[in-house]
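In what follows, a single structure is set out as structure tokens and then discussed.
Numbering (full-length UniProt numbering), first residue to last: 1 to 339.
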């Protein structure tokens, strides 16, 4: 065993983005949107909580909705490789001076084993866990598929006032970078970072934060993305389509952005790419390239840059915001059509 394997101060070994827990003000309306419309499978529900997962997911949930008076991000969660990595997460963030809280199995989110929750240096409530209940295999239950036929949770996109600091923090957790948006002097406007071998598990959008910009839900084919838009049109709910369908320059994803009844943003997407090779290089976009946000050059609506969900601290209090020194909208460049 190497010296590094004996170290107790190393970062936890993060496997992937695992689930997000959102608070919603009307659980029945949220169920209509996330389960009936988008097609997530209901794994568990009671009077105050709804646990959902995609057809490819073999764990208990990837999206949890909890009823509350204020709609916000309760926490995002990363799965770690071993139970020991839960301990490492507690030590790692404790050394950074972050608020940390142990959550024993049965005391936190349903189905999740021993976990630790922290408020990270960026101000986001994060859970690290290893154990989680297994769920029935639905991969070939075609009879249950409907809506956008969501396969899995893919990523979190977060708003932060300092993208360079966010990049450095996630790099210290062992995340690699697939793509960036940079200025002429290589200042960072946005970055996409990953642990699993896809384009990202987390991305940073420059802006007032901490806020959750969106959850990214993967589906298998582009017609599933289009079907979600068609269903919304048929139900006279087209106002829930905020942006798209379109093709991102960054990540190559074919996308559609929607807003749920509480305003939480969700991206339904397909067609990103593999990043697992050890020599995979970061692809760098200039902030003045109008293909970065939409490969076809379509303008980005202002709300996509301005609106995002507030986030809680460990006591479910909404966190105050810090303003960004720079952001793509105020910079008036690129895909906004304002360059």
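A virtual CB, placed ideally from N, CA and C, is assigned to each residue, including glycine. Every value quoted in this text rests on a predicted model; they were computed, and no experiment measured them.
Checklist entry - Based on Cα-Cα distance, which residue from 249, 158 and 14 lies nearest to residue 129? => result 14
Next on the checklist: Tell me which residue opens and which closes the alpha helix (DSSP H) that residue 306 is part of.
Outcome noted: 302-306
Checklist entry - Residues in its own chain within less than 6 angstroms of residue 68 by CB, not counting five upstream and five downstream? => result 23
Next on the checklist: Closest to residue 232 by C-alpha separation, out of 10, 313, 34 and 18, would be which residue?
Outcome noted: 34
Checklist entry - Under a Cβ-count criterion, where at least 16 other Cβ atoms within 10 Å of its own Cβ denotes burial, should residue 339 be classed as buried or exposed? => result Because the pLDDT at residue 339 is just 29, under 50, the model does not fix this residue reliably, and the value given afterwards should be weighed accordingly. Residue 339 should be labelled exposed.
Next on the checklist: Output needed for residue 74: all residues of its chain with C-beta closer than 6 angstroms, excluding positions within five of it in sequence on either side, in chain order.
Outcome noted: 21, 23 and 312
Next on the checklist: Any contact between the region 240-256 and the region 266-282? By contact I mean 3 or more CB pairs, one from each, below 8 angstroms.
Outcome noted: yes
Next on the checklist: Let's see if you can read the secondary structure: which residues bound the alpha helix (DSSP H) around residue 128?
Outcome noted: Careful: residue 128 lies outside any alpha helix (DSSP H), inside the beta strand (DSSP E) at 125-129.
Next on the checklist: Measuring only the C-alpha atoms, how far is residue 221 from residue 227?
Outcome noted: 10 angstroms
Checklist entry - Is residue 83 helix, strand or coil by DSSP? => result helix
Item to check | Contacting residues, own chain, Cβ-Cβ under 6 angstroms from residue 127 (five flanking each side not counted) | outcome: 75, 77, 115 and 117
Checklist entry - Given a threshold of 16 other Cβ atoms within 10 Å of its Cβ, counted over all protein chains shown, does residue 332 qualify as buried or as exposed? => result Only weak support is given to the placement of residue 332: the predicted model assigns it a pLDDT of 40, under 50, and the question is left unresolved by the model.
Checklist entry - Under three-state DSSP, which class holds residue 65? => result strand
Item to check | C-alpha gap between residue 19 and residue 121, whole angstroms | outcome: 20 angstroms
Next on the checklist: Please classify residue 278 as buried or exposed, where buried requires at least 16 neighbouring CB atoms within 10 angstroms.
Outcome noted: exposed
Next on the checklist: What does DSSP give as the partner residue(s) for residue 274 in the beta ladder?
Outcome noted: For residue 274, which the question treats as bridged, DSSP gives no partner whatsoever.
Next on the checklist: Classify residue 213: buried if its beta carbon has 16 or more other beta carbons within 10 angstroms, exposed otherwise.
Outcome noted: buried
Item to check | Contacting residues, own chain, Cβ-Cβ under 8 angstroms from residue 125 (five flanking each side not counted) | outcome: 73, 74, 75, 76, 117, 118, 119, 311, 312, 313 and 314
Next on the checklist: On the DSSP bridge list, what partners appear for residue 178?
Outcome noted: The partner list for residue 178 (beta bridge, DSSP) is empty, contrary to what the question assumes.
Next on the checklist: For residue 225 and residue 158, what's the separation of their Cα atoms in angstroms?
Outcome noted: 22 angstroms
Next on the checklist: So within the region 133-218, which uninterrupted beta strand (DSSP E) runs reach at least 3 residues, ignoring any that extend past its ends?
Outcome noted: 152-160, 176-182, 188-194, 202-206 and 211-218
Checklist entry - From residue 43 to residue 236, what does the alpha carbon distance come to, in whole angstroms? => result 28 angstroms
Checklist entry - Measuring CA to CA, which of 283, 161 and 16 is closest to residue 82? => result 16
Checklist entry - By Cβ distance, which residues of its chain are closer than 7 angstroms to residue 259, with the 5 residues on each side in sequence left out? => result 240, 242 and 265
Next on the checklist: Considering Cα atoms alone, identify which of 70, 110 and 134 is closest to residue 50.
Outcome noted: 110
Checklist entry - Which residues in the same chain have their Cβ closer than 7 angstroms to the Cβ of residue 197, if we skip the five residues on either side of it in sequence? => result 274, 275 and 276
Item to check | Touching by the beta-carbon criterion (3+ pairs, under 8 angstroms), the region 178-186 and the region 88-102 | outcome: no
Item to check | Residue closest to residue 340, alpha-carbon to alpha-carbon, out of 244, 289 and 169 | outcome: Nothing about residue 340 can be read from this structure; the chain reaches only from 1 to 339.
Checklist entry - Should residue 305 be labelled buried (16 or more other beta-carbon atoms within 10 Å of its own) or exposed? => result buried
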